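What follows is a set of notes on a single structure, which appears directly below.
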Amino acid sequence: MRHGVLAKKRRKLRVQQLTSHRRFLAFHGLVLASTAVVGVMVDVAIQLVFLFHFGRDAHAAEIAPQKAA
Numbered sequence: 038m039r040h041g042v043l044a045k046k047r048r049k050l051r052v053q054q055l056t057s058h059r060r061f062l063a064f065h066g067l068v069l070a071s072t073a074v075v076g077v078m079v080d081v082a083i084q085l086v087f088l089f090h091f092g093r094d095a096h097a098a099e100i101a102p103q104k105a106a
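First residue of the sequence shown: 38, per this note's numbering; consecutive thereafter.
Encoded structure:
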């Protein structure tokens, strides 16, 4: 009788641990996915800033007259 009760408690504990691990892994999966999305957004923002800054300077350099040394 006692062995059956202990086995039942052990099974219940394993199921609880499995569900907690599943939640933990699902949470970390979402964190990693959101981190990747944020990383891409930051890269795009930085590239847009560089494009605006250096793109403007490139046109000014083409128009500026060159003087003989």
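Just so it is clear, CB atoms sit at the ideal spot from N, CA and C, and this is done for glycine as well. In this text the structure is predicted, and so the values were computed from the model without any measurement.
- Rounded to the nearest angstrom, the gap between the Cα atoms of Arg48 and Gly41 is 11 Å.
- Annotated three-state conformation of Lys104 is coil, per DSSP.
- As the crow flies, the alpha-carbon of Lys45 is around 14 Å from that of Gln54.
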